[in-house]
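Undergrad: The structure under discussion is supplied below as structure tokens; questions concerning it will follow.
Residue numbers (full-length UniProt numbering): 1 to 351.
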């Protein structure tokens, strides 16, 4: 997705709020908003950028051309993540300060046909390679992905182990000096959870609450975290979004999410929804985002798709994308990161 200029973003927001506007309306609005004079050619060029990115559409011809937002799914509408997250936490205009129960009706059609074509092409390459790979190489590649994912997933949660420290810990069971014992446990728990997922991958074609709870239980073992769904309120660092605090509603939200995942036909969409919604619902008192990433991989492996390590993702960008989802229910930026990580995984593992 091309990052929009300030002017292009203003045009998009104006069309979003004023469906059916014409060039002259846009020109008048920008001149007042930015206190500058713009030529028609400049505006037409910006409009073309928005159209090429499938953000707006036009109807009519000649002087009767009108512009409308092209995206119907609320989750896929564009918001500039950098501008949004640059605002002070308490000054952000949060659209959904608490759980949005209407979100479930938008959890379909999140990937375009062209995106799915590209993803499935990459995955066909993965499937072709995995058929030919020797058991010895397969074992080594699983170990390599396990190290990378255990490191990055833990790093996203504030773990200070380096990738090299993580490799030594997993391969040699040697803890790094100067680190808390809990950091080593967190990483080793990722390995336990991944071992479980790889050994039971065919059981994740259809998901149950028990599957999610089993993964969570392995991830938080020996970390002083209560197992099972929470009954208390939890907060999330970096956002004023408040997840559900009613145990019945939490369970209902998880069930609804799993129902959508189990009826979806696209593995990448199922994994994407799992990553977002487990983080959004926060069904456990801790370990939710870790559980979301591991459940996502269980889904991919169950459908014979390449698992993700998230190794190359910038943890700051990951967190920004999640904040945008929590507070505005917008997934476009996280989808961009997710697709990038899938491509990275296919091109770097099981070669």
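Backbone N, C-alpha and C fix where the C-beta goes; we use that ideal spot for every residue, glycine too.
Small disclaimer: the values here were computed from a predicted structure and weren't measured.
1. Could you pull the start and end residues of the alpha helix (DSSP H) that residue 344 belongs to?
2. Quick check on DSSP: helix, strand or coil for residue 22?
3. With DSSP collapsed to three states, give me the class of residue 198.
4. Do residue 11 and residue 46 have their C-beta atoms within less than 8 Å of each other?
5. With DSSP as the reference, identify every bridge partner of residue 67, one or two as the case may be.
6. Helix, strand or coil: which one does DSSP assign to residue 162?
7. Could you have a look at residue 132 and say whether DSSP puts it in helix, strand or coil?
8. Check each candidate in 336, 320 and 315 and name the one with the smallest Cα separation from residue 156.
9. Are there 16 or more other CB atoms within 10 angstroms of the CB of residue 165, so buried, or fewer, so exposed?
10. Taking 8 Å as the cut-off, decide whether the C-beta atoms of residue 258 and residue 209 are in contact.
11. In the structure shown, what three-state DSSP assignment does residue 153 receive?
12. Pick out whichever of 334, 344, 126 and 343 has its Cα sitting closest to the Cα of residue 76.
13. Residue ranges of each alpha helix (DSSP H) run of no fewer than 4 residues wholly in the region 261-345, ordered along the chain?
14. Count the other C-beta atoms from every protein chain shown that fall within 10 angstroms of the C-beta of residue 307, then say buried if there are 16 or more, exposed otherwise.
15. Alpha carbon to alpha carbon, what distance is there between residue 250 and residue 170?
16. Residue 262: buried (16+ other C-beta within 10 angstroms of its C-beta) or exposed?
17. Please say whether residue 7 and residue 30 have beta carbons closer to each other than 8 Å?
18. Could you check if residue 328 is buried or exposed, using at least 16 other CB atoms within 10 Å of its CB as the buried criterion?
19. In or out: residue 331 buried (at least 16 other Cβ within 10 Å) or exposed?
20. When we look at the beta-carbon of residue 95 and count the other beta-carbons within 10 Å, is it buried (16 or more) or exposed?
21. Using 8 Å as the limit for Cβ to Cβ distance, is residue 91 near chain C?
22. Note down, in chain order, each residue of its chain lying with its Cβ closer than 6 Å to the Cβ of residue 282, except the 5 sequence neighbours on either side.
23. Does DSSP classify residue 32 as helix, strand or coil?
24. For residue 21 versus residue 66, is the C-beta distance shorter than 8 Å?
25. Using the Cβ count rule (16 or more neighbours within 10 Å means buried), how would you classify residue 270?
26. Have a look at residue 109 and residue 260 and give me their C-alpha separation to the nearest angstrom.
27. Of the residues 231, 54, 85 and 160, which one's Cα is nearest the Cα of residue 178?
28. Quick one, which of 56, 343 and 277 has its alpha-carbon nearest residue 322's?
29. Could you say which of 341, 90, 127 and 201 lies nearest to residue 272 if we only look at CA atoms?
30. Would you call the region 198-208 and the region 226-240 touching, i.e. three or more CB-CB distances under 8 Å?
31. To which residues does DSSP link residue 242 through a beta bridge?
32. Is residue 253 helix, strand or coil by DSSP?
33. Do residue 350 and residue 126 have their C-beta atoms closer together than 8 Å?
TA: According to the structure data:
1. 332-348
2. coil
3. DSSP places residue 198 in helix when its eight states are reduced to three.
4. Inclusion of residue 11 and residue 46 in the CB contact set at 8 Å is warranted, their separation being smaller than that value.
5. 21 and 58
6. The three-state secondary structure of residue 162, taken from DSSP, is coil.
7. Residue 132: helix per DSSP, three-state reduction.
8. 315
9. buried
10. yes
11. helix
12. In terms of CA proximity to residue 76, 334 leads the group 334, 344, 126 and 343.
13. 267-281, 288-302 and 315-328
14. buried
15. 34 Å
16. Per the 10 Å Cβ criterion, exposed.
17. Contact check for residue 30 against residue 7 passes: the beta carbons are separated by less than 8 Å.
18. Classification of residue 328: buried, given that the 10 Å Cβ count is 16 or more.
19. In the assembly as shown, residue 331 is a buried residue. Its beta-carbon has 16 or more other beta-carbons within 10 Å.
20. exposed
21. Absent from the structure: chain C. Only one protein chain is present.
22. 234, 243 and 288
23. Note: residue 32 maps to helix in three-state DSSP.
24. yes
25. buried
26. 12 Å
27. 160
28. Closest by alpha carbon: 277.
29. Considering only alpha carbons, the answer is 341.
30. In short, these stretches do not touch, since the Cβ pair count stays below three.
31. 98
32. helix
33. yes
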